[in-house]
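Engineer: Add 1191 to a position in the sequence shown, counting from 1, and you land on the number used in the working numbering.
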Amino acid sequence: MGLAQLHSRALLGLQAPDVTVEVDLANGLPSFSLVGLAEVEVREAKERVRSAISNSGLEFPSNKRITVNLAPADLPKDSGRFDLPIALGILAASGQLEWRALETFAFAGELSLSGALRAVRGALPMVLASQALQAQSLVLSDGSAGPTQAALQWVLPPGSAQEAALVPDCVVYEAKHLLDVVQYFKQIQSGTAATGAECAPPTGWSRLDAAALHTALAQPRYADMADVKGQSAARRALEIAAAGGHHLLMVGSPGAGKSMLAQRMAGLLPPMGLADALQSAAVASLNGQFDWQHWGTRPVRSPHHTASAVALVGGASPPRPGEISLAHQGILFLDELPEFPRMALEALREPLETGTIHIARAGRSAQFPARFQLVAAMNPCLCGYWGSAMRKCRCSPDQVARYQARLSGPLLDRIDLHVEVQAMPAAELMAAQTGEASAAMQARVIAAHNKALARQGYTNQGLQGQALEQFAPLQPSTQGLLQSAAASMGLSARAMHKIVRVARTIADLEPMGPADAAIESNHVAEAIQYRRALLGQDL
């Protein structure tokens, strides 16, 4: 008879609660029971673990009554991440390993039938959660206080290990096979582990150096704005949006360059800081979509217009992040905006304002970050050529109105900048010079972004209430201009506040202006030009 306890973590949204894998071997009728609110893929671990241990040349205690408990019992557990700790727990409980040597480690990994380890999703959130619980200490089997949660060393499969090693101040080992893990801990038991080293570590075992990993990563690369010829108004709107974190809607005929502009927006944004990069990567890791070689690259998500509301905002059970969360700290590009289902677009209202999304399901709920920048594109009408100087529109005024009515007023009200993108005649396009490069535009964006951070600590998009009055005050003459525009255009209070925020960003983009530079009438006038009561209507 034997008992072993190992550490791992479950996933519940971006949270990763601690899970203790308890394995008990007892005499009695041979059986293999797995308890602890395990989902189907976790219950299937019994067969994977049995085959992996046997095919690795280790002894599976088939003549014992095996009970595996994943504690706490009321926490849902899914995926194959518990295969590795379950297998090690069985080996420790059967005396093939000393389980006290495993107490300062945490394990996650799916086992193949041959014993090879496969990557699991959510490795980065699991390690981040360990770091967040530094103050909690473990109690070891002898009753003494153990290391803090942050001091736990992680053993993970290839791919997952590189992802987790991006978290600062963590110890991560990569193991390619169950035998690599077993051999390493047998070396620890015999006192010949690699740390004290008469014996070299197993071939498939290595400790990852986070500093070396970060050094080896390439700088983020984005498409360059130099590819865009002309379109000075749209380029200006993109620069303002990038500097202030504002949402943008581009309206124009087919082939005018809307998608091309949107795909280059990410290259204008300031580089991500460590905290932002970790949070963005953690969300992508939850869906198994994070590539550690693209660390620090701002995400650009472009869902097809057939995407459902659940696909956009997240859902399912257990809750999984949607496109708005996968675009966190990056760009959500919605092309052909009116073609999206009405319910899906209306679901964007709250996240556009709050930067978070709370998904509630029966018995389970999760909150995901959704601090993205919406860049949307649409045609002005069904045929796409209403107001175009290149081709005649075939749509009647009623058809144009119905097409534009697919976008609700409340949704348009939450988009800061509306800009028309006119198609260039062929002669002008061929003769146009190469556009300004992204690097030059990004330099101005970073300067304006730094002014906002120095002034209020966050981007201008986040100015609300008293902070808006404090950091973006208007002169009496400027207030009169805004009031006149609001009355003639029928603007809501939200739209007026957005004009003030955009004007604050335009003032910050002035090359020689200080962070507390006043908002002038020309700044407000330009911001008003980016608000339209009806698409394509002259102000």
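All C-beta atoms, glycine included, are put in the ideal place defined by N, C-alpha and C.
So which of Ala1428, Thr1650, Glu1301 and Pro1359 has the shortest CA-CA distance to Ala1323?
Structural biologist: Numbered from its first residue, the sequence shown carries residue 1323 at position 132. Ranking Ala1428, Thr1650, Glu1301 and Pro1359 by Cα distance to Ala1323 puts Pro1359 first.
Engineer: Kindly indicate which three-state DSSP category His1368 falls into: helix, strand or coil?
Structural biologist: Start at 1 with the first residue of the sequence shown, and residue 1368 comes out as number 177. Strand at His1368.
Engineer: Would Ala1355 and Ala1403 qualify as a contact pair, given that the criterion is a beta-carbon distance under 8 Å?
Structural biologist: Sequence index remark: in the sequence shown, residue 1355 carries index 164 (1-based). Sequence index remark: in the sequence shown, residue 1403 carries index 212 (1-based). Result no, Cβ atoms of Ala1355 and Ala1403 do not sit closer than 8 Å.
Engineer: Under three-state DSSP, which class holds Asn1478?
Structural biologist: Numbered from its first residue, the sequence shown carries residue 1478 at position 287. Residue state, collapsed to three classes: coil.
Engineer: For the beta strand (DSSP E) containing Asp1589, name the first residue and the last one.
Structural biologist: Against the sequence shown, residue 1589 aligns to sequence position 398. Premise fails: Asp1589 lies in the alpha helix (DSSP H), Pro1588 to Gln1595, not in any beta strand (DSSP E).
Engineer: Could you spell out the range, first to last residue, of the beta strand (DSSP E) harbouring Ile1550?
Structural biologist: By one-based count along the sequence shown, residue 1550 stands at place 359. Here the beta strand (DSSP E) through Ile1550 covers Thr1547 to Arg1552.
Engineer: Would you give the residue range spanned by the alpha helix (DSSP H) that His1609 belongs to?
Structural biologist: Taking the first residue of the sequence shown as 1, we reach residue 1609 at position 418. Per DSSP, His1609 belongs to no alpha helix (DSSP H); it is in the beta strand (DSSP E), Leu1608 to Val1612.
Engineer: Go ahead and pull the three-state DSSP assignment for Gln1633.
Structural biologist: Working through the sequence shown from its first residue, we reach residue 1633 at position 442. DSSP places Gln1633 in helix when its eight states are reduced to three.
Engineer: Beta-carbon within less than 7 Å of His1688's beta-carbon, same chain only, minus the 5 sequence neighbours each way: which residues are those?
Structural biologist: Counted from its first residue, the sequence shown places residue 1688 at position 497. Correct list, in chain order: Leu1659.
Engineer: Of the choices Ile1606, Ile1690, His1485 and Gln1378, whose alpha-carbon is the least far from that of Ser1675?
Structural biologist: Translated into the one-based positions of the sequence shown, residue 1675 becomes position 484. When each option's Cα is compared against that of Ser1675, the closest is Ile1690.
Engineer: The beta strand (DSSP E) that contains Ala1567, what's its start and end?
Structural biologist: Counting from one through the sequence shown, the residue named residue 1567 turns up at place 376. Per DSSP, Ala1567 belongs to the beta strand (DSSP E) from Gln1564 to Met1569.
Engineer: What does the alpha-carbon distance come out to for the pair Arg1734 and Ser1247?
Structural biologist: Absent from the model: residue 1734. The displayed extent of the chain is 1192 to 1730, so no value can be given.
Engineer: What's the call for Arg1489, buried or exposed, on a 16-neighbour Cβ count within 10 Å?
Structural biologist: On the sequence shown, residue 1489 is found 298 positions in, with the first residue counted as 1. So Arg1489 ends up on the buried side.
Engineer: If we count Cβ pairs, one from each stretch, closer than 8 Å, do we get three or more for the region 1270-1289 versus the region 1195-1207?
Structural biologist: Yes: at least three Cβ pairs fall under 8 Å.
Engineer: List in chain order: all unbroken alpha helix (DSSP H) runs of 4+ residues lying wholly within the region 1389-1447.
Structural biologist: You should have 1401-1407 and 1423-1435.
Engineer: Might you give, ordered along the chain, the residues of its own chain that have their beta carbon closer than 7 Å to the beta carbon of Ala1320, omitting 5 neighbours on each side?
Structural biologist: Within the sequence shown, residue 1320 is the residue found at index 129, counting from 1. Once the five neighbours on either side are set aside, the close Cβ partners of Ala1320 are Arg1200, Gln1206 and Ala1207.
Engineer: Can at least three beta-carbon pairs, one atom from the region 1568-1586 and one from the region 1454-1471, be found at a separation below 8 Å?
Structural biologist: Verdict: no, contact absent.
Engineer: At the level of alpha carbons, what is the spacing between Glu1514 and Glu1289?
Structural biologist: Locating residue 1514 in the sequence shown gives position 323, counting from the first residue. Locating residue 1289 in the sequence shown gives position 98, counting from the first residue. Going by the C-alpha atoms only, they are around 45 Å apart.
Engineer: Pick out the complete beta strand (DSSP E) segments inside the region 1213-1237, 3 residues or longer, and give them in chain order.
Structural biologist: List check, beta strand (DSSP E) in window: 1222-1226.
Engineer: Helix, strand or coil: which one does DSSP assign to Asp1274?
Structural biologist: One-based indexing of the sequence shown puts residue 1274 at position 83. Helix.
Engineer: With distances taken between CB atoms, is the gap from Ala1538 to Leu1565 smaller than 8 Å?
Structural biologist: Position 347 of the sequence shown, counting from 1, holds the residue named residue 1538. Position 374 of the sequence shown, counting from 1, holds the residue named residue 1565. No, the Cβ-Cβ distance between Ala1538 and Leu1565 is not below 8 Å.
Engineer: Determine the DSSP secondary structure at Ser1199, reduced to helix, strand or coil.
Structural biologist: Residue mapping note: residue 1199 aligns to position 8 of the sequence shown, counting from 1. Ser1199: strand per DSSP, three-state reduction.
Engineer: In three-state terms, what does DSSP make of Gly1387?
Structural biologist: Along the sequence shown, one-based indexing puts residue 1387 at 196. Because the pLDDT at Gly1387 is just 44, under 50, the model does not fix this residue reliably, and the value given afterwards should be weighed accordingly. Note: Gly1387 maps to coil in three-state DSSP.
Engineer: Name the two residues that bound the continuous alpha helix (DSSP H) containing Leu1315.
Structural biologist: Numbered from 1 along the sequence shown, position 124 holds the residue referred to as residue 1315. Segment Ala1314 to Ala1323, the alpha helix (DSSP H) holding Leu1315.
Engineer: Is it the case that the Cβ atoms of His1474 and Phe1563 are separated by a distance below 8 Å?
Structural biologist: Here the question's residue 1474 lines up with position 283 in the sequence shown. Here the question's residue 1563 lines up with position 372 in the sequence shown. Note that residue 1474 is Val in the sequence shown, not His. In this structure, Phe1563 does not lie closer than 8 Å to Val1474 by Cβ.
Engineer: Assign Gly1436 to buried or exposed, taking buried as 16 or more other Cβ atoms, counted over all protein chains shown, within 10 Å of its Cβ.
Structural biologist: Numbered from 1 along the sequence shown, position 245 holds the residue referred to as residue 1436. Buried, by the Cβ-count rule.
Engineer: Can you tell me whether Ser1328 is helix, strand or coil according to DSSP?
Structural biologist: As a first step, residue 1328 must be located in the sequence shown, where it is residue number 137. Residue confidence for Ser1328 is low, a pLDDT of 47 falling below 50, so the modelled location carries little weight and cannot support an answer.
Engineer: Can the beta-carbon of Met1463 be found less than 8 Å from the beta-carbon of Met1632?
Structural biologist: Here residue 1463 corresponds to residue number 272 of the sequence shown, with the count starting at 1. Here residue 1632 corresponds to residue number 441 of the sequence shown, with the count starting at 1. In this structure, Met1632 does not lie closer than 8 Å to Met1463 by Cβ.
Engineer: Who pairs with Gly1193 in a beta bridge, going by DSSP?
Structural biologist: Indexing the sequence shown from 1 puts residue 1193 at position 2. BP columns for Gly1193 point to Leu1216.
Engineer: Quick check on Gln1340: does DSSP put it in helix, strand or coil?
Structural biologist: In the sequence shown, the residue the question calls residue 1340 occupies position 149. With a pLDDT of 44 at Gln1340, under the threshold of 50, the predicted position of this residue should be treated as unreliable, though the coordinate-derived value follows. In the structure shown, Gln1340 sits in a helix (DSSP, three-state: H, G or I).
Engineer: So, at 7 Å on beta carbons, what are the nonlocal neighbours of Met1534 in its own chain, with the 5 sequence-adjacent residues on each side left out?
Structural biologist: In the sequence shown, residue 1534 corresponds to position 343, counting from 1. Counting only Cβ-Cβ distances below 7 Å, and skipping sequence neighbours, we find Ala1500.
Engineer: Using only the alpha-carbon positions, how far apart do Arg1540 and Arg1511 sit?
Structural biologist: The sequence position of residue 1540 within the sequence shown is 349, counting from 1. The sequence position of residue 1511 within the sequence shown is 320, counting from 1. Going by the C-alpha atoms only, they are around 19 Å apart.
Engineer: Examine the Cβ distances between the region 1604-1611 and the region 1392-1412 and report whether three or more of them are shorter than 8 Å.
Structural biologist: No, they do not touch.
Engineer: The beta strand (DSSP E) spanning Gln1558 covers which residue range?
Structural biologist: Your numbering for residue 1558 matches position 367 in the sequence shown. Its beta strand (DSSP E) spans residues Arg1555 to Pro1560.
Engineer: In terms of DSSP beta bridges, what is Leu1525 paired with?
Structural biologist: For the purposes of this step, residue 1525 is taken as residue 334 along the sequence shown, with counting starting at 1. Its beta-bridge partners are Ala1567.
Engineer: From Ala1466, Asp1526, Arg1646 and His1519, pick the residue whose C-alpha is nearest to that of Ala1498; which is it?
Structural biologist: Against the sequence shown, residue 1498 aligns to sequence position 307. The residue with the shortest Cα to Cα distance from Ala1498 is Asp1526.
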